[in-house]
Amino acid sequence: MIFLINKRQMNQVIKILNFLVIIIFVGCNTNKIGNPLTSSSCIKIDIPEKIDNVLQFDSIFLKMNVIPLETTQKCLIGQVSKVLFYKERMFILDNLNKLFAFDTSGKFLYTVGKEGRGPGEYLELRDFDIDEFGNIFILSYGKILKYSLDAKFLKTFSFNFEDSKVHCNPLEFAVKNDGNFYVWGGSVGIKDNSDGKLYAMYEITDNGKIIKKYFPLKYPTTQSFEKHRFSRYKNVFRIEPNYGVNIIYSLSDEGLLPIYDIDFGEKNNKFPIPAGFKSSADFKLKVDQLYCHSIEAFIETDDWIYFRFLHKMKRYNVYYSKNLKRSFVSRFKSDSRLTVPLLITSNLENNLISFCDPQLLINFFNEDTKKGGSLNPINANFNIKPTDNPILLVCLLRKY
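See the structure below:
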């Protein structure tokens, strides 16, 4: 069943409340230290009232190319938390502190860096990024390591914010073209910000000097296992919001600007978020039962936008067509039908990228064979085993 939303008027009360939340969270942000954030008109993305839908594959996708990843003892992938592409190579970060390089046909090439305390080694691999020249950067505790495209160690950038009286323990980051870094520490380790000096995100130089601050901390931030805080679209960063804010931000040298407003209608949160850094678990549970929240995994292409949200302890996928100005929403449900990719992880140009458990794909093939199907629109011709690495799915989207 496909549900297409109709245009409706926004409830004025919700609009005012959303505006107040944005003012609370964004109004004091700075795009330069001491300079106020410049406002901009947002593009509104309406979410339909009915969200428990089952989307058919051809409502979103033209076809899906299945690419098995080589599986050997040297490249056993755990749970994928991030994937980036550079020319004919893809780099996959998993939950086991490993960064693997494959070519786009699925052949394993090498790993980048390794755990340890020596030169070019990291104690933990929190995040990674690739600059416009193909250099690879790994975020570890208190430092960022730089490698060549072929994984040769080049340099370490160390940072210590104690001298500036700033507490920031970065969990995610992004590399700018000018060599600076955006680092997101959120509220990790922060118990008080009554003086308003601490922020969720900073821009730092390669020697660790803070030059810009973003998102003043009012309450605990959220952190996803997947590394989606920063995504790129046409050389501009898109920034995911913190809990309680439905705004997607655009970040460039021109500053931080709100770009998309996700409108859940009657399911927009109406409760004010408690200030302070005590546990907000009870509050979030109350919100979860009534409203939609926790926007994550925002990915943008020329024709489509993808993201996820939570409601009643369930995860939902949103595919927004820029051309139709409509949202296709489906509940995440792991089963053997594989009517659409379960979760989108990244994009390769204008195609969306997903990973699939081999057993799930085997189940789908078996079910399709029993029904006399031809696996259309899935493009696959190979043998896979349940113990193989996750299967890469390259999803080609409709243009409408």
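In terms of this note's numbering, the sequence shown opens at residue 30 and continues consecutively.
Glycine included, each C-beta is placed from N, C-alpha and C at the ideal position.
None of these values were measured; they are calculated from a predicted model.
Starting from the Cα of residue i, find the closest Cα among the options and give me that residue.
i      : options                           : result
GLY142 : TYR170, ASN379 and TYR176         : TYR176
LYS73  : PRO287, VAL358, GLN388 and CYS385 : PRO287
PHE357 : SER70, ASN82 and CYS71            : ASN82
GLU153 : PRO199, GLN388 and LYS116         : PRO199
LEU122 : ASP311, ILE106 and SER281         : ILE106
THR101 : LEU421, TYR429, THR416 and ASN209 : THR416
GLU161 : GLY218, GLY171, ILE167 and GLY208 : GLY208
ASN94  : PRO370, SER88, ASN395 and PHE361  : PRO370
LYS299 : SER281, HIS322, SER308 and PHE327 : HIS322
SER281 : ASN206, LYS428 and GLU117         : ASN206
LEU174 : ALA203, LYS194 and ASP224         : ALA203
LEU98  : LYS116, ILE76 and SER134          : SER134
Going by beta carbon distance, what residues of the same chain come within less than 6 Å of residue i, once the five residues before and after it are set aside?
i      : result
LYS256 : SER110, LYS111, ASP156 and GLU201
SER375 : VAL112 and ILE382
GLU150 : LYS143
For residue i, which residues of its own chain have a beta-carbon under 8 Å away from its beta-carbon, when the five flanking residues on both sides are left out?
i      : result
LYS341 : ASP317 and GLN318
ASN380 : THR330, VAL423, CYS424, LEU425 and LEU426
GLU378 : THR330
Is DSSP giving residue i helix, strand or coil here?
i      : result
SER88  : helix
PRO287 : strand
VAL212 : strand
CYS104 : helix
LEU98  : coil
PHE327 : strand
LYS296 : helix
GLU396 : helix
PRO419 : coil
LEU353 : coil
PRO370 : coil
PRO245 : strand
ILE268 : strand
LEU125 : coil
LEU339 : strand
ILE391 : helix
ALA130 : strand
VAL55  : Note on VAL55: pLDDT 39, under 50, position unreliable in the model; no value is reported.
ASP156 : strand
ILE45  : Note that ILE45 has pLDDT 33, beneath the 50 cutoff, so the model's placement of it is unreliable and the number below is only indicative. Helix.
GLU150 : strand
LEU426 : strand
SER223 : coil
PHE361 : coil
Since residue i is in the alpha helix (DSSP H), which residue starts that stretch and which ends it?
i      : result
LYS263 : Run containing LYS263: none; DSSP gives neither H nor E here.
ALA310 : 310-319
Excluding five sequence neighbours on each side, which residues of the same chain lie with their C-beta closer than 7 Å to the C-beta of residue i?
i      : result
TYR139 : ALA130 and ALA180
ILE324 : GLU269, PRO270, ASN275, ILE291, PHE336 and PHE338
ASP221 : PHE306
CYS197 : PHE190, VAL212, GLY214 and TYR231
Quick one: give me the first and last residue of the beta strand (DSSP E) that residue i is part of.
i      : result
VAL195 : Taken as a continuous stretch (DSSP letters only), VAL195 belongs to no beta strand (DSSP E), as it is neither H nor E.
VAL109 : 109-115
ALA180 : Neither: ALA180 is in no beta strand (DSSP E) and is coded neither H nor E.
SER375 : 373-377
VAL83  : Element bounds for VAL83: n/a, residue is neither H nor E.
PHE202 : 201-204
GLU232 : 228-233
ILE74  : 72-75
THR250 : Where THR250 is concerned, there is no enclosing beta strand (DSSP E), given that its DSSP letter is neither H nor E.
TYR278 : 276-281
ILE167 : 165-169
ASN380 : 380-385
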